[in-house]
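Step one of this worksheet: look at the structure below.
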Amino acid sequence: MVVNPCSGPCTGSLPDQVYLNEIPKLKTFDNIRTLGYVATNYVGKELTTVLAEINAYANWPKLTNNTKLKVDGIFFDETPSVYEQQKYDYLKTASQAVRNGSRFKDKFVGTHLVSDDTVSCTTHTCM
Numbered sequence: 000m001v002v003n004p005c006s007g008p009c010t011g012s013l014p015d016q017v018y019l020n021e022i023p024k025l026k027t028f029d030n031i032r033t034l035g036y037v038a039t040n041y042v043g044k045e046l047t048t049v050l051a052e053i054n055a056y057a058n059w060p061k062l063t064n065n066t067k068l069k070v071d072g073i074f075f076d077e078t079p080s081v082y083e084q085q086k087y088d089y090l091k092t093a094s095q096a097v098r099n100g101s102r103f104k105d106k107f108v109g110t111h112l113v114s115d116d117t118v119s120c121t122t123h124t125c126m
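According to numbering that gives the first Met the number 0, the sequence shown is numbered sequentially starting from 0.
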């Protein structure tokens with residue numbers, strides 16, 4: 000399930016109380032994975048901003064003292080559909096920020112756009 004409280008993670012703040020109440024309820028179901036929403040604007044968004052949004056999701060449990068707010072990974076939206084090395088490198092860096100370390104439970108990476116010539120994927124094995 001994609002979690003998207005502010006067209007992203009509400010960088011600089013937490014989501015509203017509804018999200019803070021409901022996300023932990025989702026975690027009670029074994030068949031649900033939560034993915035934080037991050038738009039890349041077809042890699043037009045500054046990579047530092049994308050990485051900050053990833054970090055914002057990763058910090059929710061610490062800021063709230065609630066481990067049930069830990070998302071399982073990140074869903075990248077607005078990804079390019081044509082391969083270019085620079086775009087690949089951008090998405091690879093963003094994906095590695097999700098996969099490296101223990102900040103995300105399952106380290107899932109998902110994307111919105113998939114075609115034969117894309118650099119993205121639909122599950123946790125991209126790039």
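Using N, Cα and C, we set each Cβ at its ideal position, and we do this for glycine too.
Alpha carbon to alpha carbon, how far is residue i from residue j?
i	j	result
LYS104	LEU68	10 Å
TYR41	SER6	15 Å
THR78	THR39	6 Å
LEU25	THR33	8 Å
LEU46	VAL1	21 Å
Does the beta-carbon of residue i have 16 or more other beta-carbons within 10 angstroms, so that it is buried, or is it exposed?
i	result
ILE31	exposed
SER94	buried
LYS91	exposed
PHE28	exposed
Who are the Cβ neighbours of residue i in its own chain at under 6 Å, not counting the five residues just before and after it?
i	result
LEU19	none
ALA55	PRO8, THR10
What is the DSSP secondary structure of residue i, counted as helix, strand or coil?
i	result
LEU13	coil
ILE73	strand
THR110	strand
TYR41	coil
Can you give me the Cβ contacts of residue i inside the same chain, cut-off strictly under 8 Å, excluding the 5 residues immediately before and after it?
i	result
LEU13	LEU19, TRP59, LEU62, THR63
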